[in-house]
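Down below is the structure, laid out as structure tokens.
Residue numbers (my numbering): 1 to 406.
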């Protein structure tokens with residue numbers, strides 16, 4: 001039904017894939033374009049990016065149930081097939097974790113513009129290695145229509161040999177590419193930098209924090225320029241973009257503490273970037289990292305946790321680690337010279353939460369980051385915030401369906 005609806009409506013499709021930054025990139029592109037085109041621009045809402053979620057999103061659903069309620073969702077999808085009006089522009093995130101899933105998504109849509117945010121060690125239990133990840137992600141690139149555009153992270157070495165088909169123009173973004181940045185200043189309130197595109201330079205005051213977040217804004221700029229927007233109007237919208245829930249979202253706590261809530265998910269690359277960000281922020285208190293297990297790394301599990309532990313050992317004053325790979329976090333941090341007196345290990349999030357208040361001090365800058373499954377670090381963030389109502393509004397996975405999942 002979704003494929004048929006796309007064929008009939010023929011919207012311009014902007015597809016985003018990659019190992020990191022997909023949702024934030026999708027939201028940034030959608031935010032800027034919706035300022036210009038209003039309801040003529042749409043997206044797949046929330047996490048509706050899978051082989052189940054994407055077709056349902058195209059049929060008008062903004063969420064779906066995990067259990068018995070799914071039958072009602074299918075009825076809603078049938079209604080959407082006949083009565084939901086697809087926007088003229090669709091910004092769609094494509095998420096996969098198994099071989100063959102990208103091919104299924106591309107049987108539903110064919111991108112006019114494809115965005116590749118980057119490739120790293122994720123979902124390796126099924127995709128096996130970095131080459132397996134590249135093979136799946138590159139399918140989206142190959143599917144871009146002739147006359148379309150391939151927007152790619154030029155700073156990511158894993159993307160350099162991925163090429164689109166004939167008739168597709170490649171636009172790179174990063175430090176010294178078609179869309180680039182300079183003069184970056186990182187603070188607790190966001191990033192200040194200059195953006196350069198089409199031989200034009202504009203200052204940007206972004207609410208997003210960290211050098212890695214610039215890729216979100218640069219890729220959105222590249223897409224919107226190709227849609228026909230001018231750089232000044234793009235920058236005006238970029239400056240209004242707020243961090244997504246659970247993605248490097250800074251939250252003020254009691255006793256002058258700041259929570260850096262990155263609890264949505266984790267992998268080695270994004271964890272290292274998060275640690276580098278809190279290191280780059282000018283801060284006169286302690287830097288604390290609360291890190292949980294990173295799932296689905298397959299044979300890269302040991303090396304990935306060691307790598308993140310090493311970065312933590314260089315950047316934080318106190319390290320609290322959780323899950324079955326605490327030993328590798330510990331070894332990595334000690335390798336970087338961190339004293340074992342400043343590292344605390346816990347078997348599960350519940351044990352951590354019970355001990356947390358004793359470990360923290362006023363003016364701590366606290367990074368919270370872990371994979372979703374069996375970690376659910378939004379509950380750690382909720383404990384730090386200490387207000388259930390506030391947490392429901394600013395933390396990830398607060399819907400009722402998530403409360404039943406460990």
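Virtual Cβ for every residue (Gly too), placed ideally from N, Cα, C.
Beta-carbon proximity list for residue i, same chain, < 8 Å, skipping 5 on both sides
i	result
residue 271	291, 294, 308, 311 and 369
residue 390	none
residue 184	191, 192, 193, 211 and 214
residue 388	382
residue 136	96, 99, 101, 102 and 127
residue 22	16, 49, 93, 94, 95 and 117
residue 153	18, 116, 117, 118, 159, 172, 173, 174, 215 and 219
residue 40	87, 88 and 89
residue 1	55, 59, 77, 78 and 81
residue 73	56, 61, 64 and 65
Residue interval of the beta strand (DSSP E) (run including residue i)
i	result
residue 369	365 to 369
residue 81	It is not in any beta strand (DSSP E) - residue 81 instead sits in the alpha helix (DSSP H) that spans 70 to 83.
residue 262	258 to 262
residue 122	Element bounds for residue 122: n/a, residue is neither H nor E.
residue 249	249 to 252
residue 344	343 to 346
residue 14	12 to 17
residue 43	41 to 43
residue 435	Within the shown structure, residues of the chain are numbered from 1 to 406, placing residue 435 beyond reach of any answer.
residue 320	318 to 322
Nonlocal neighbours in the same chain, by C-beta distance under 6 Å from residue i, ignoring five residues either side
i	result
residue 162	138 and 141
residue 336	310, 313 and 314
residue 319	289, 312, 333 and 343
residue 203	194
residue 398	392
residue 9	86
residue 42	87 and 90
Range of the contiguous alpha helix (DSSP H) that encloses residue i
i	result
residue 391	388 to 394
residue 441	Since the first and last residues shown for the chain are 1 and 406, residue 441 lies out of range.
residue 6	2 to 9
residue 93	Unbroken run through residue 93 is the beta strand (DSSP E), 89 to 93; no alpha helix (DSSP H).
residue 32	22 to 37
residue 380	378 to 385
residue 231	231 to 238
residue 356	349 to 359
residue 129	Looking at the DSSP string, residue 129 is not in any alpha helix (DSSP H), and its letter there is neither H nor E.
residue 399	Looking at the DSSP string, residue 399 is not in any alpha helix (DSSP H), and its letter there is neither H nor E.
residue 101	101 to 106
Whole-angstrom C-beta distance between residue j and residue i, which should lie under 8 Å
i	j	result
residue 190	residue 208	6 Å
residue 93	residue 26	4 Å
residue 269	residue 120	4 Å
residue 54	residue 300	Not a contact, Cβ separation roughly 27 Å.
residue 36	residue 229	6 Å
residue 234	residue 221	5 Å
residue 250	residue 260	6 Å
residue 107	residue 3	6 Å
residue 365	residue 258	5 Å
residue 322	residue 375	7 Å
Same chain, Cβ closer than 7 Å to residue i, neighbours up to 5 away in sequence not counted
i	result
residue 84	59 and 60
residue 51	101, 104 and 105
residue 306	328, 331 and 332
residue 57	44, 45 and 48
residue 24	216, 244 and 247
residue 361	286
residue 396	245, 246, 263, 264 and 378
residue 304	121, 268, 294 and 297
residue 324	293
residue 167	146 and 147
residue 345	321, 326 and 330
residue 407	Past the boundaries of the shown model lies residue 407; the chain is included only from 1 to 406, so the question cannot be answered.
Closer than 9 Å to chain B by CB, residue i
i	result
residue 367	As a matter of chain content, chain B is missing from the structure shown, which is built from one protein chain.
heavy atom of the ligand ADP below 8 Å from residue i C-beta
i	result
residue 100	For the structure depicted, the ligand ADP is absent and the ligand set is empty, with no information on it obtainable.
Three or more C-beta pairs closer than 8 Å, one from the region 99 to 112 and one from the region 3 to 23: is that the case here? yes
On the three-pair Cβ rule with 8 Å, is the region 56 to 66 touching the region 114 to 130? no
Is the region 261 to 280 touching the region 311 to 321, taking contact as three or more C-beta pairs under 8 Å? yes
Would you list, in sequence order, the uninterrupted beta strand (DSSP E) runs of no fewer than 3 residues that lie entirely inside the region 142 to 214? 149 to 153, 169 to 174, 179 to 187, 190 to 197 and 200 to 206
When the Cβ atoms of the region 72 to 80 are set against those of the region 21 to 37, are three or more pairs found closer than 8 Å? no
Can you check the region 268 to 307 for any beta strand (DSSP E) of at least 3 residues that lies completely inside it and give the ranges in chain order? 287 to 292
When the Cβ atoms of the region 248 to 257 are set against those of the region 173 to 181, are three or more pairs found closer than 8 Å? no
Check whether the region 335 to 351 touches the region 231 to 245, taking contact to mean three or more Cβ pairs, one atom from each stretch, closer than 8 Å. no
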